[in-house]
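If you read the sequence shown in the numbering used here, its first letter stands for residue 356, the second for the next number, and so on. Built from N, CA and C at the ideal position, the CB exists for glycine as well. A quick note: this is a predicted structure, and the numbers were derived from the prediction, not measured. To start, the structure itself, in structure tokens.
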Amino acid sequence: MRVDAFSTPEAAPGLLDELHALCRRAFDGDFDPEDWEHALGGRHFVAYRDDRPVAHASVVGRILEVDGHPLRTGYVEAVATEPELAGQGFGSLAMAEATWWIPGHFEFGALGTGAFAFYERLGWERWKGTTFVRDGGTVRRTEDDDDAMMVFRFGPSTAVDLEGTLLCEATPGDDW
């Protein structure tokens, strides 16, 4: 097993297409084009079995506001493992590398998931507060996302209150 890390523009020819297909398989087809677009423009962490990419995580930069305070956030997107290899450590390896990388480049980490135990093993914490999205000048509540958010606190964000408010800017497709 090995993990390679690279920025989107540094990806080898065809690799991004392979990773996009991996994500579609991992999410059983429930992975919209906007979901893949959210994963681009940051840093990719890819676990390999032999020379085959079998797990992926991406970290993109976003500004999230916690209780009105903006934080440069490493936002995790497109965490996926080949379905036949799930549970064998490939996804954990890619995600551990992504988690390790975030503190050197951001003030805070965040992601949306339903697989809490997977991320908790890596130091991520469940968000207990409320979530909001700003779309232009309008702020709207996103109650359905309250229970899906996890954060990674370190250094400047250690004191973040897990029961506070979390706000992001709107994005095409899913905001969180």
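Where does residue i land, buried or exposed, given buried means 16+ other C-beta within 10 angstroms?
i      : result
GLY446 : buried
SER512 : buried
GLU439 : exposed
GLY397 : buried
HIS375 : buried
TRP479 : buried
ALA381 : buried
TRP391 : buried
ASP405 : exposed
Any idea which residues DSSP pairs residue i with across the strands?
i      : result
LEU521 : VAL421, THR486
PRO408 : TYR403
GLU480 : VAL506
PHE463 : THR428
GLY359 : First, the residue type needs correcting, since residue 359 is Asp and not Gly in the sequence shown. According to DSSP, ASP359 bridges with VAL401.
VAL414 : ARG398, VAL431
Cβ-heavy atom distance between residue i and the ligand FMN below 8 Å?
i      : result
TYR403 : As for the ligand FMN, it is missing from this structure, which has no ligand bound.
State the CB to CB distance for the pair residue i and residue j, rounded to an integer number of angstroms; the pair is presumed to be in contact (CB under 8 Å).
i      : j      : result
TRP531 : GLY467 : 4 Å
LEU419 : PHE463 : 7 Å
ALA453 : ALA435 : The Cβ separation is near 12 Å, so there is no contact.
ARG427 : PHE461 : 5 Å
Please say whether residue j and residue i have beta carbons closer to each other than 9 Å?
i      : j      : result
SER413 : GLU389 : no
PHE361 : VAL415 : no
LEU448 : LYS483 : no
LEU477 : ALA451 : yes
THR363 : HIS399 : yes
GLU475 : LEU377 : no
MET505 : ALA465 : yes
ASP387 : GLY528 : yes
*asked:* With three or more C-beta pairs closer than 8 Å as the rule, is the region 472-489 touching the region 512-526?
replied: Contact holds between the region 512-526 and the region 472-489, because three or more Cβ pairs, one in each stretch, are under 8 Å apart.
Would you be able to state if there are at least three C-beta pairs under 8 Å between the region 367-376 and the region 502-517?
The way I'd put it, the region 502-517 doesn't touch the region 367-376; fewer than three beta-carbon pairs between them come closer than 8 Å.
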